[in-house]
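Novice: Okay, here's the structure, questions in a sec.
In the working numbering, the protein residues as written are 44 to 535.
Written out as structure tokens, the structure reads:
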């Protein structure tokens with residue numbers, strides 16, 4: 044992002060300071076910024092601004108120098124003052140928005156960036172920054188517009204294609220959520236849910252939803268294909284072949300009455316989305332979700348044809364994480380971090396992957412640096428505390444977990460980790476409320492079992508027996524769900 048600076052420095056420096064001494068100081072400051080000596084340049088610009096506080100160009104140059112030095116709050120203050128002095132100074136909107144975006148404040152970044160892009164629609168960096176801001180604000184249609192424009196302006200830019208894929212994925216997920224709310228018993232919903240379960244390798248559950256979809260809409264394209272994939276993954280090539288044949292025998296959709304289906308089969312995904320938008324019917328939401336998923340896939344395929352980039356490795360890391368292959372994800376995050384060593388989002392991704400890969404000692408130094416930058420992050424403090432707890436250092440873990448809950452009291456992973464830490468410290472009574480609160484997020488039964496132990500150690504045998512019965516019931520349901528999701532009971 045900081046590559047945008049030199050051209051604007053050339054534009055603004057020429058308008059600065061009239062007096063010979065001031066002009067020389069402005070020239071020297073500009074040279075220092077271009078040489079990367081931004082802290083020295085800031086000192087000179089601050090002197091110039093103090094001498095002539097109403098010069099908007101000097102304010103703007105100081106904002107630019109501070110932006111390049113990573114002093115974003117200072118850059119914001121001087122960009123805002125430059126705009127107050129000269130409202131038509133469009134460059135100030137760019138650096139105002141860019142600085143807010145660097146601070147993670149997409150809400151305040153979007154407006155200035157929109158004003159700049161409206162004035163300079165072909166500015167590549169501004170378009171990409173605006174795309175990032177709108178994606179963060181969950182304005183997914185706008186994000187698609189701006190990422191697509193950035194990709195058109197920069198066809199070799201990995202960030203544009205990765206962001207476009209993310210935006211389309213978000214639109215697909217939103218359509219799915221809308222369908223779940225409006226028609227949860229429809230064949231359309233069961234078909235989409237089957238796709239999601241198949242992607243998550245939950246084969247038994249996927250097969251059940253595909254069958255429910257076929258019971259309601261036997262001619263819905265793609266459902267036999269999904270069921271065939273389930274059978275292939277669970278070792279029944281014969282049944283998979285039968286489902287593939289059934290898919291091929293489907294009568295093509297009647298375009299007079301099923302235009303959206305026709306558009307999908309023909310690959311007219313953008314036209315489909317535009318036509319479906321006003322309807323919001325179950326059919327429209329179904330095809331919108333599937334079309335957006337295809338456009339996301341195409342964007343990622345374009346990304347993977349580009350040279351190595353942080354975004355390519357991030358995409359690969361997230362795919363490994365979906366399959367719980369965390370050592371492989373760590374490898375990809377490390378490559379992304381090597382290519383972009385100053386990106387806190389990549390560092391956070393690496394720290395999370397290290398945590399899940401049980402490399403807690405490797406995660407701690409990363410988390411320390413991230414917490415220094417984001418001291419109010421409940422998630423980072425939880426990860427740090429959980430790493431310490433897993434390294435058998437519960438007494439050191441407790442302060443971080445307690446601090447995480449101060450920032451986010453309903454954060455169930457932190458409640459579970461704090462309860463576990465208290466239990467290891469022999470503070471059973473203190474652990475109980477945290478372990479109870481964390482039960483809804485229990486995935487493997489460990490929290491239920493820890494609660495049993497806490498009641499026992501706290502001298503509450505009746506509650507311990509009740510908790511043990513709940514644990515046993517949970518384990519049975521967990522085993523049944525595992526058998527179903529792995530597809531082991533599909534053929535019974």
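Yeah, the Cβ is synthetic: ideal placement off N, Cα and C, and Gly gets one too.
All figures in this text were calculated on a predicted structure; none of them were measured in a lab.
Report back the beta-carbon spacing between residue 172 and residue 210 to the nearest angstrom; my notes put them in contact at under 8 Å.
Specialist: Position 129 of the chain shown holds residue 172. Position 167 of the chain shown holds residue 210. That pair is no contact at about 14 Å.
Novice: For the alpha helix (DSSP H) containing residue 347, name the first residue and the last one.
Specialist: What you label residue 347 is simply residue 304 of the chain shown in a count that begins at 1. Looking at the DSSP string, the run of the alpha helix (DSSP H) that includes residue 347 is 325-347.
Novice: Can you list, in chain order, the residues of its chain whose CB lies under 7 Å from that of residue 192, leaving out five sequence neighbours each side?
Specialist: For the purposes of this step, residue 192 is taken as the residue at position 149 of the chain shown. Excluding five sequence positions before and after residue 192, the CB atoms of its chain that fall closer than 7 Å to its own CB belong to 170, given in chain order.
Novice: Use the C-beta contact count for residue 430: other C-beta atoms within 10 angstroms, 16 or more gives buried, fewer gives exposed.
Specialist: If you number the chain shown from 1, residue 430 lands on position 387. When all chains shown are included, residue 430 counts as buried.
Novice: Apply the 10 Å Cβ neighbour rule to residue 155 and answer buried if 16 or more other Cβ atoms are within range, or exposed otherwise.
Specialist: Sequence index remark: in the chain shown, residue 155 carries index 112 (1-based). The residue in question, residue 155, is buried, as its Cβ has 16 or more Cβ neighbours within 10 Å.
Novice: For the segment 220-282, list the alpha helix (DSSP H) runs that are entirely contained and at least 4 residues long, ordered along the chain.
Specialist: Secondary structure within the segment 220-282: the alpha helix (DSSP H) runs of 4 or more consecutive residues, fully enclosed, are 230-242, 246-259 and 266-276 (chain order).
Novice: Can we say the segment 351-360 touches the segment 370-386, given the rule of at least three CB pairs closer than 8 Å?
Specialist: yes
Novice: Tell me, please, whether the CB atom of residue 335 is closer than 8 Å to any CB atom in chain C?
Specialist: Checking the listed chains, one finds no chain C in this structure; it contains a single protein chain.
Novice: Rounded to whole angstroms, what is the Cα-Cα separation between residue 91 and residue 127?
Specialist: Along the chain shown, read from residue 1 onward, the residue named residue 91 stands at position 48. Along the chain shown, read from residue 1 onward, the residue named residue 127 stands at position 84. Near 18 Å, if we compare the C-alpha coordinates of residue 127 and residue 91.
Novice: Can residue 502 and residue 481 be called in contact, C-beta distance under 8 Å?
Specialist: Residue 502 sits at position 459 when you count from the first residue of the chain shown. Residue 481 sits at position 438 when you count from the first residue of the chain shown. For residue 502 and residue 481, no; Cβs fall outside 8 Å.
Novice: Measure the Cβ-Cβ separation of residue 235 and residue 206 and say whether it is below 8 Å.
Specialist: In the chain shown, the residue the question calls residue 235 occupies position 192. In the chain shown, the residue the question calls residue 206 occupies position 163. Cβ distance not < 8 Å, so residue 235 and residue 206 don't count as in contact.
Novice: Do three or more CB pairs link the segment 357-367 to the segment 257-266 at distances below 8 Å?
Specialist: Taking 8 Å as the limit for Cβ pairs, the verdict is that the segment 257-266 does not touch the segment 357-367.
Novice: Take the Cβ of residue 227 as the centre, count every other Cβ of all protein chains shown within 10 Å, and call the residue buried at 16 or more, exposed below.
Specialist: Your numbering for residue 227 matches position 184 in the chain shown. Exposed.
Novice: In this structure, how does DSSP classify residue 449 when only helix, strand and coil are distinguished?
Specialist: Translated into the one-based positions of the chain shown, residue 449 becomes position 406. Residue state, collapsed to three classes: helix.
Novice: Is the segment 324-334 in contact with the segment 181-190, if contact means three or more CB pairs nearer than 8 Å?
Specialist: Look at the beta carbons and you see the segment 324-334 not touching the segment 181-190: under three pairs across the two are nearer than 8 Å.
Novice: Could you tell me the boundaries of the alpha helix (DSSP H) in which residue 375 lies?
Specialist: Position 332 of the chain shown holds residue 375. Per DSSP, residue 375 belongs to the alpha helix (DSSP H) from 369-382.
Novice: Specify, as a first and last residue, the run of the alpha helix (DSSP H) that residue 431 falls within.
Specialist: In the chain shown, the residue the question calls residue 431 occupies position 388. From DSSP, the alpha helix (DSSP H) with residue 431 extends over 421-433.
Novice: Only counting runs of 4 or more residues, tell me where the alpha helix (DSSP H) segments fall wholly within the segment 129-158, in order along the chain.
Specialist: Here the runs fully enclosed are 133-145.
Novice: What three-state label does DSSP hand residue 488 in the structure shown?
Specialist: Residue numbering aside, residue 488 sits at position 445 when the chain shown is read from its first letter. Residue 488: coil per DSSP, three-state reduction.
Novice: Determine the burial state of residue 418: buried for a count of at least 16 other Cβ atoms within 10 Å of its Cβ, exposed for fewer.
Specialist: As a working note, residue 418 is residue 375 in the chain shown. It counts as exposed.
Novice: In angstroms with no decimal places, state the Cα-to-Cα distance between residue 66 and residue 394.
Specialist: Along the chain shown, one-based indexing puts residue 66 at 23. Along the chain shown, one-based indexing puts residue 394 at 351. Between residue 66 and residue 394, the C-alpha separation is close to 48 Å.
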